[in-house]
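Colleague: The structure that follows is given in the form of structure tokens.
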Amino acid sequence: EPEVTQTPSHQVTQMGQEVILRCVPISNHLYFYWYRQILGQKVEFLVSFYNNEISEKSEIFDDQFSVERPDGSNFTLKIRSTKLEDSAMYFCASSGPRSPSGVPQETQYFGPGTRLLVL
Amino acid sequence: LAKTTQPISMDSYEGQEVNITCSHNNIATNDYITWYQQFPSQGPRFIIQGYKTKVTNEVASLFIPADRKSSTLSLPRVSLSDTAVYYCLRTLTGGGNKLTFGTGTQLKVEL
Chain A
24 EPEVTQTPSH QVTQMGQEVI LRCVPISNHL YFYWYRQILG QKVEFLVSFY NNEISEKSEI
84 FDDQFSVERP DGSNFTLKIR STKLEDSAMY FCASSGPRSP SGVPQETQYF GPGTRLLVL
Chain B
3 LAKTTQPISM DSYEGQEVNI TCSHNNIATN DYITWYQQFP SQGPRFIIQG YKTKVTNEVA
63 SLFIPADRKS STLSLPRVSL SDTAVYYCLR TLTGGGNKLT FGTGTQLKVE L
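Structure (structure tokens):
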């Protein structure tokens, strides 16, 4: 079964540094997402991306965040100047237009996540 | 989408059937009910989706009564590997819609 991959699996950075989290969505998918999960808390939506532009973003996704699809396979999340409170697990997801038989078209497939620790 | 309500935690033993109920009193006509599973330090994984009545796949069954104000995820004969957090979500069809997760139900399966 195709899967979403993410790199790195872990990243430690100093406050104020820039980080880039990388994702390779499932190859025929058209919709891409970033979510984050602070330790012990809910999975929170950050941003969705379609047709090379942001479709929707949450209040968390402020000017310090940006997303890019630099080529046909990668989808990246950049945090320009990290804060302590950015420490979390970051999940990339992708969806549509085709899913395995019996699975709804809009089902989002999540990657394994990148654990970001800001010191 | 407004929130759903589900128990914070449940305990079970291997081989038992587990039913997790979710309340969604204000569900809208366009909403589907979708369940995801999350293991520690992993991304959520789709389990099942339904609109009304009963849906079954190789992993679980989903029961949604006619008023659609609640739903029940049924896991037959659980094993230790089913220990995870289970999320009940209201979702829209079509691509690109964000998922809104609640706190989920932490299921713990013991021997």
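Chains as they are written, first to last, in my numbering: chain A, 24 to 142; chain B, 3 to 113.
Don't be surprised by glycine CBs; every beta carbon is placed ideally from N, CA and C.
Here the structure is a predicted model, which is why all the values come from computation and not from measurement.
1. Quick one: is Arg70 of chain B buried, meaning 16 or more other Cβ sit within 10 Å of its Cβ, or exposed?
2. Which residues bound the beta strand (DSSP E) around Lys54 of chain B?
3. Helix, strand or coil for Leu107 of chain A per DSSP?
4. Below 6 Å CB to CB, which residues in the same chain sit around Thr30 of chain A once its five sequence neighbours on both sides are set aside?
5. Got a sec: which bits of the stretch 20 to 48 of chain B sit with their beta carbon under 9 Å from any beta carbon on chain A, in order along the chain?
6. On the criterion of 16 or more Cβ atoms from any shown chain inside 10 Å, does Glu129 of chain A qualify as buried, or is it exposed?
7. Tell me the rounded alpha-carbon separation between Thr105 of chain B and Glu67 of chain A.
8. Less than 8 Å separating the beta-carbons of Leu94 of chain B and Asn32 of chain B?
9. Quick check on DSSP: helix, strand or coil for Ser83 of chain B?
10. Taking Cβ positions only, does Gly39 of chain A come closer than 8 Å to chain B?
11. Using Cβ-Cβ distances below 8 Å, what residues of the stretch 24 to 56 of chain A are close to chain B?
12. Hey, quick one: how far does the beta strand (DSSP E) through His33 of chain A stretch, first residue to last?
13. Residues in the same chain with beta-carbon distance under 6 Å from Lys101 of chain A, minus the five sequence neighbours each way, listed in chain order, please.
14. Determine, for Thr58 of chain B, whether the minimum Cβ-Cβ distance to residues of chain A falls below 8 Å.
15. From the DSSP output, which residues share a beta bridge with Lys101 of chain A?
16. Give the single residue among A:Gln40, A:Tyr58 and A:Pro25 whose Cα lies nearest to the Cα of Tyr113 of chain A.
17. Return no unless some Cβ of chain C is closer than 8 Å to the Cβ of Ser110 of chain A.
18. Would you say Phe88 of chain A faces chain B, with C-beta separation under 8 Å as the test?
19. Scan the stretch 90 to 104 of chain B for residues whose Cβ lies nearer than 8 Å to a Cβ of chain A and list them as they occur along the chain.
20. Is the number of C-beta pairs between the stretch 25 to 41 of chain A and the stretch 58 to 78 of chain B that are closer than 8 Å three or more?
21. Does any CB atom of chain A fall closer than 8 Å to the CB of Gln8 of chain B?
22. Using the beta-carbon of each residue, which ones in chain B are nearer than 7 Å to Gly119 of chain A?
23. So, at 7 Å on beta carbons, what are the nonlocal neighbours of Ile83 of chain A in its own chain, with the 5 sequence-adjacent residues on each side left out?
Modeller: With the structure as the only source:
1. With 16 or more Cβ atoms within 10 Å of its Cβ, Arg70 of chain B is classed as buried.
2. No beta strand (DSSP E) contains Lys54 of chain B, which DSSP labels as neither H nor E.
3. helix
4. Arg45
5. Tyr34, Thr36, Tyr38, Gln40, Ser43, Gln44, Gly45, Pro46, Arg47 and Phe48
6. buried
7. 11 Å
8. yes
9. Reduced to three states, the DSSP call for Ser83 of chain B is helix.
10. no
11. Val27, Leu53, Tyr54 and Tyr56
12. First-last of the beta strand (DSSP E) with His33 of chain A: His33 to Thr36.
13. So the list reads Ile43 and Ser89, once near-sequence residues are dropped.
14. no
15. A:Ile43 and A:Ser89
16. A:Tyr58
17. Absent from the structure: chain C. Protein chains present are A and B.
18. no
19. Thr93, Leu94, Thr95, Gly96, Gly97, Gly98, Asn99, Lys100, Leu101, Thr102, Phe103 and Gly104
20. Short answer: they don't touch.
21. no
22. Gly97
23. Glu67 and Leu69
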